[in-house]
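Student:
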Amino acid sequence: MAKVLYSVTMSVDGFITGPDGDMQWMRPYLGPNPEVDELIPRIGSILVGRRSHDGDDPFKGESGEGQAFGGGWSGPLYVVTHRPPADAEPDVTYVDDFTKALAQAKEAAGDKYVNVIGANIAKQCIEAGELDEVLLLFAPTMLGDGTRLFDYPGGHTVRLERKSVTETAMATSMWFTVV
148 MAKVLYSVTM SVDGFITGPD GDMQWMRPYL GPNPEVDELI PRIGSILVGR
198 RSHDGDDPFK GESGEGQAFG GGWSGPLYVV THRPPADAEP DVTYVDDFTK
248 ALAQAKEAAG DKYVNVIGAN IAKQCIEAGE LDEVLLLFAP TMLGDGTRLF
298 DYPGGHTVRL ERKSVTETAM ATSMWFTVV
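Spelled out as structure tokens, the structure:
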């Protein structure tokens, strides 16, 4: 059965995008990462919010622009949105209901991961009790503003148990199980 994984690159001050959804900040930190390389073939589907799907691409101007993991992964992608586009993209399914989208993504993933992209979708997975693991790639930079990894007005504790820590020249990865 599929596990739901939120994998994300984050600044050390807790932001996954810069101001106005800027993703270009992470370009210097997208270098080789053995942990990500090992993860990619274990992803069976991707669940993403519309803003993240349509937003800024850290691979802008490169051959992998517009593709998951800069072209390193291909497969079924589920976009949660109330505004599906008139022209659908190949291998992209637009779903107007989070619960339905998650169920479809899990079915498509089989015994692999559903990789979650986007803070809002990750928050919905947490609220539904469906998030199994978190992989944080800490980039050695501070942004000061942007989209937080997890933002819950009034607070909401999500306990995590560390599975592993991996250091590369570009970032430090921490893999957690949601308790």
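Residues 148 to 326 (our numbering) make up the sequence shown, in order.
Each residue gets a CB set at the ideal place from its N, CA and C atoms; glycine is no exception.
1) Looking at the secondary structure, which residues open and close the alpha helix (DSSP H) in which T313 lies?
2) Please look up how many angstroms separate the CB atoms of N180 and M289, rounded, as I've assumed it's under 8 Å.
3) Using the C-alpha atoms, what's the distance from F297 back to A266?
4) Hey, out of F285, G257, S221, G217, whose CA is closest to M148's CA?
5) So, do the stretch 244 to 251 and the stretch 163 to 182 have three or more beta carbon pairs nearer to each other than 8 Å?
6) Which one of E308, R230, L284 has the shortest CA to CA distance from T315?
7) Could you check where the beta strand (DSSP E) with S320 kicks off and where it finishes?
8) Does the Cβ-Cβ distance between G218 and D204 come in under 8 Å?
9) Let me know the alpha helix (DSSP H) ranges lying completely inside the stretch 152 to 230, each 4 residues or longer, listed in chain order.
10) DSSP state of F150, grouped into three classes?
11) Ordered along the chain, which non-local residues of its own chain (more than five positions away) have a Cβ less than 8 Å from that of V326?
12) Nearest to P231 by alpha carbon, out of F206, I268, V242?
13) Which runs of the alpha helix (DSSP H) fall wholly inside the stretch 255 to 305 and span at least 4 residues, in chain order?
Tutor: Looking at the coordinates:
1) No alpha helix (DSSP H) contains T313, which is instead part of the beta strand (DSSP E) from 307 to 314.
2) Actually they do not touch by this definition, with Cβ atoms about 20 Å apart.
3) 6 Å
4) G257
5) no
6) Of the residues E308, R230, L284, the one whose Cα lies closest to the Cα of T315 is L284.
7) 319 to 325
8) no
9) 181 to 186, 197 to 201
10) It should be noted that the sequence gives Lys, not Phe, for residue 150. Three-state DSSP puts K150 in a strand.
11) R306, L307, E308
12) V242
13) Runs of the alpha helix (DSSP H) inside the stretch 255 to 305: 266 to 274.
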